[in-house]
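Structure first, then comments.
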Amino acid sequence: MTRRSVSALAGTGLIGVARDNLEKNATVPALAAGFIQIELDLETGKYEILDYLGIADCGTVLHPRGLEIQVKSAAVMGFGMAGFERHAYDPQNGLPAFTGIHNSKLPTYLDVPTPMDWAATDIADPQNPVGVKGVGEPIQGCASAALLCAISDALGGHTFNRVPVTADMIVNAASAKSSLRDHYLQILHKLTHYSSGKLNTSTI
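Numbering-wise (the working numbering), the sequence shown opens with residue 647 and increments by one.
Structure follows, in structure tokens:
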């Protein structure tokens, strides 16, 4: 870098440059955790994200404002992965079949909660002189997983085998659970009558 290029970056954030002779023992994983609260309508399959908290284990935080933007924007991408963006590939060549946002909807500000909070462990990584680790994809993945787990929890533990989880999938899962519950209630009703000696065996 030249002095001129560095001076042009003045005031835009913190720049960290370092060189080290430290021993590298292993690849340092970048870890993240996401916590989400949703409101799910079982009749329509629509949900609203009420609150989200993303936590990054990215080592020493060099630029808090930049990290905040990274955590929140990656979470929005995770919401899109879980509930909006459909990926399809040409089975012959393996090329993406969806090449525009008209085929794969992206989340907008209407799909994002107003209260989005973030945090960082801010524990230095001992394997480099600056103490930093990467951050990016882990935040996206944990936000997507948090949303899917919240939907699953609202449906009583139902799990989906693919993404995006759309409204029709949620309605079908809720209907199947309701039908199964009714079936078990009928069996329980028959068993109750059986235990009281009122069961007609011809009805089984």
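Cβ atoms here follow ideal geometry from the backbone N, Cα and C, with glycine treated the same way.
Check: Outcome for K692 when other beta-carbon atoms lying within 10 angstroms are tallied against a minimum of 16; Outcome: exposed
Check: Beta-carbon proximity of S790 to A728, cut-off 8 Å; Outcome: yes
Check: Inside the stretch 705 to 735 only - alpha helix (DSSP H) runs reaching at least 4 residues; Outcome: 710 to 729
Check: As assigned by DSSP and simplified to three states, the class of I785; Outcome: helix
Check: Test item: CB-CB of T863 and A770 under 8 Å; Outcome: The structure shown does not extend to residue 863, since the chain is modelled only from 647 to 850, so the question has no answer here.
Check: Y698: first and last residue of the uninterrupted beta strand (DSSP E) it sits in; Outcome: Y693 to D703
Check: Y698, buried or exposed, once every other Cβ within 10 Å from all chains shown has been counted against 16; Outcome: buried
Check: Where A678 falls: helix, strand or coil (DSSP); Outcome: strand
Check: Candidates H804, I785, A765 and Q786, of which the one nearest P710 by Cα; Outcome: A765
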